[in-house]
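Taken in sequence, the protein lines are chains B and G. Using the working numbering, read the first sequence as starting at 70 and increasing by one per residue. Using the working numbering, read the second sequence as starting at 70 and increasing by one per residue. Note that the Cβ used here is the ideal one computed from N, Cα and C, for glycine as well. Below is one structure, written out as structure tokens, with a few remarks after it.
Number of protein chains: 2
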Amino acid sequence: MDRRAELAEQVLDYVLEHGLIGLSLRPLAAALHTSDRMLLYHFGSKERLVGEALALAQRRLAASVAPPGPDVRTVGQLVRHLWAELQSPPGIQATRLYLDLSVLATKEPARWSGAVERLRGPWRGPLRDGLVLFGVPAAEAPALADLILGTLDGLSLDRLVAEDSARADAALTAFADLLDARPLPAGDHGGDHRENPART
Amino acid sequence: MDRRAELAEQVLDYVLEHGLIGLSLRPLAAALHTSDRMLLYHFGSKERLVGEALALAQRRLAASVAPPGPDVRTVGQLVRHLWAELQSPPGIQATRLYLDLSVLATKEPARWSGAVERLRGPWRGPLRDGLVLFGVPAAEAPALADLILGTLDGLSLDRLVAEDSARADAALTAFADLLDARPLPAGDHGGDHRENPART
DNA sequence: TCCTCTCTGTAGCACCTGCTACATGCATGA
DNA sequence: TCATGCATGTAGCAGGTGCTACAGAGAGGA
């Protein structure tokens, strides 16, 4: 019972470190000072073991989402803030896990795409809400949130893989500038938008 | 000799269809009406087989890059054009291959990151040049090109995996609008920029 | 005709995979 | 004291992996 939850934590740590795709029970068990026999005893199967580790990952990620500080005033600054968080070690690990899950989902969508969506959930909702707070019209917020998530994904991937990591940083800066230079909507949707498009 | 090049083509087709990550010689050989024995005879090892298939993929990709038609006049339209190409079957296959390679590169950078970079090359260079033609100052073009590539990657990934494929489309439209609403640079870098920010 | 060289089929190697049968130690409750 | 149930180690299963040893088939040149 409790041992199982404890093992799930360690399994997740191992997965964040070594990736989900090549995961094999025996090396995993060795790193956790157990045997594959014991892992299967506690979890029943590899599939359930992975499932519990992923559920735990989602809970950890949801708990780590924090609203930005008061110095974040524009959408561009928000994006820079998210980028900085994504480049921290836990952010990189989460990105790698997300990437592994995406690849698995392209191979077996029925089995994995739910997990991808679930891991993304803790970011998408708060981001939409946050954008509205920054004066983005509610009608545009979902698409803009998805754009930001997608761009952060793509650039994180680039930075993860490419030899020249400064390239992704420069691209993100261009993105943030682009967002802050965005013209204010003509309509009167927004409430107290504290947008401040001071560029450069 | 010739048989080997012919096999490389078929191997690449198979890899584009089934992914690079779980690639196994026996199912591959069966699909090609040969045996693993023969594949190893012609290529020497699995590693070299994959290497030749990837080199071929790069050549194919480079050959498929074509300048956009005359109806593409703004950066936003260019991005929409690239997006449409990426959603075609070969574009999706290339994206999946790029994704698999990225995952492999996070696990063994020394072995794979070169291949990722090489596969990306045929797009990055022409995109930079294309941006300059559209009036983007030469100093900003590289970062903007990387931003566009990264965003296309991230949104393609989203669309590949997510149940709701319209989400990525909406996000890309927001991106294109954002690019076309971009303020013209104050400096006088650009040559004949035919920018025409007619939005909506 | 014989020899050699290129190609290919069969069988197998050592190793890895998830998973399981069996036996055992150990603590707890009747 | 005995029995029950939980936890764990050992050994092994069937199937997969890349790769190889060996034997042949067939074509071409001497």
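Residue contact check for residue 122 of chain B against chain G: no CB pair falls below 8 Å. Think of a sphere of 8 Å around the beta carbon of residue 148 of chain B: no beta carbon from chain G falls inside it, the nearest being about 11 Å out. Judged by beta-carbon spacing, residue 172 of chain G lies within the 8 Å limit of residue 172 of chain B, meaning their Cβ atoms are closer than that value. Unbroken alpha helix (DSSP H) stretches of 4 residues or longer found wholly inside the region 142–187 of chain G: 144–156 and 158–176, given in chain order. Closer than 7 Å at the C-beta level to chain G, one finds no residue of the region 93–120 of chain B.
Sequence-ordered contacts of the region 159–185 of chain B with chain G read 165, 168, 169, 171, 172, 174, 175, 176, 182 and 185 [C-beta pairs closer than 7 Å].
In the three-state reduction of the DSSP assignment, residue 243 of chain B falls in the helix class.
Residue 247 of chain G is positioned such that its CB atom lies no closer than 8 Å to that of residue 193 of chain B. The three-state secondary structure of residue 135 of chain B, taken from DSSP, is coil. When the beta-carbon positions are compared, residue 210 of chain B and residue 197 of chain B come within less than 8 Å of each other. For residue 74 of chain G, the enclosing alpha helix (DSSP H) covers residues 71–87. Residues of chain B with a Cβ closer than 9 Å to the Cβ of residue 229 of chain G are, in chain order, 171, 174 and 175. Interface annotation for the region 237–255 of chain G against chain B: 237, 239, 240, 241, 242, 243, 244, 247, 248, 250, 251 and 252, criterion Cβ-Cβ distance under 8 Å. Comparing alpha-carbon positions, the option among G/96, G/112 and G/89 lying closest to residue 74 of chain G turns out to be G/112.
Its chain contains 104, 105 and 108 as the residues whose beta carbon lies nearer than 6 Å to that of residue 98 of chain G, once the 5 sequence neighbours on both sides are disregarded; these appear in chain order. Residue 232 of chain B reaches chain G at 182 and 186, counting residues in chain order whose Cβ is nearer than 8 Å. Straight through space, the alpha carbons of residue 145 of chain G and residue 244 of chain G are spaced by roughly 8 Å.
For a Cβ distance threshold of 8 Å, nothing in chain B lies close to residue 204 of chain G: the least Cβ distance comes to about 15 Å. Here residue 215 of chain B is near residue 240 of chain G, since their CB atoms are less than 8 Å apart.
The continuous alpha helix (DSSP H) containing residue 228 of chain G extends over residues 210–230. Residue state for residue 204 of chain G is assigned as coil, using DSSP reduced to three classes. Using a 10 angstroms sphere on the CB of residue 140 of chain G, the tally of other CB atoms stays under 16, which defines it as exposed. Along the region 208–225 of chain B, going in chain order, the ones with a CB nearer than 9 Å to a CB of chain G are 209, 211, 212, 213, 214, 215, 216, 217, 218, 219, 220, 221, 222, 223, 224 and 225.
Between residue 88 of chain G and chain B, the shortest Cβ-Cβ separation is below 8 Å.
According to the DSSP assignment, residue 111 of chain G belongs to the alpha helix (DSSP H) that extends over 105–112. Leaving aside the five residues that flank residue 115 of chain G on each side, the residues in its chain whose CB is nearer than 7 Å to its CB run, in chain order, 94. Contact between residue 126 of chain G and residue 151 of chain G does not hold, since their C-beta atoms are separated by about 18 Å, which reaches or exceeds 8 Å. In its chain, beyond the 5 residues on either side, 200 and 205 have a beta carbon closer than 7 Å to the beta carbon of residue 213 of chain B. Residue range 94–100 is occupied by the alpha helix (DSSP H) that includes residue 95 of chain B.
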